[in-house]
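Numbering (the UniProt record's numbering), first residue to last: 1 to 121. Working notes, structure below.
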């Protein structure tokens, strides 16, 4: 797999660092954009294209601030939800769900399930 753009949305800086470090350590060609909110993620994404993968840690205010536009955009993208809230649709094709604490094998499987391609780089 060539490099991909991965957006990580997590409000806790320490959790975001852990997720980023895990992804970067095991998937070094993945280009990351780490945001504390959907609003921040929207502002930092490239206007020329959508991310290829989104990782959302569903705790806290993140899912409460998600707009209809955000939800519509996510429906078209591969998403890995970490600790997704109960209201998130669990049978959406292209979405994978894991819980903390997760293992490298669990993260790899979630990345593969969401992206439809091997997570090996």
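Glycine included, C-beta positions come from ideal geometry on N, C-alpha and C.
- Beyond the five residues adjoining it in sequence on each side, residue 20 comes within less than 7 Å, by CB distance, of 8, 32 and 34 in the same chain, given in chain order.
- Distance from the Cα of residue 63 is smallest, within the candidate group 5, 87, 115 and 43, for 87.
- For the beta strand (DSSP E) assignment, the uninterrupted runs of no fewer than 3 residues enclosed by the segment 20-47 are, from N- to C-terminal side, 31-35.
- Residue 99 sits exposed, since fewer than 16 C-beta atoms from the chains shown fall within 10 Å of its C-beta.
- Distance from the Cα of residue 5 is smallest, within the candidate group 52, 18 and 12, for 52.
- Here residue 81 really is in contact with residue 58; their C-beta atoms are around 6 Å apart, less than 8 Å.
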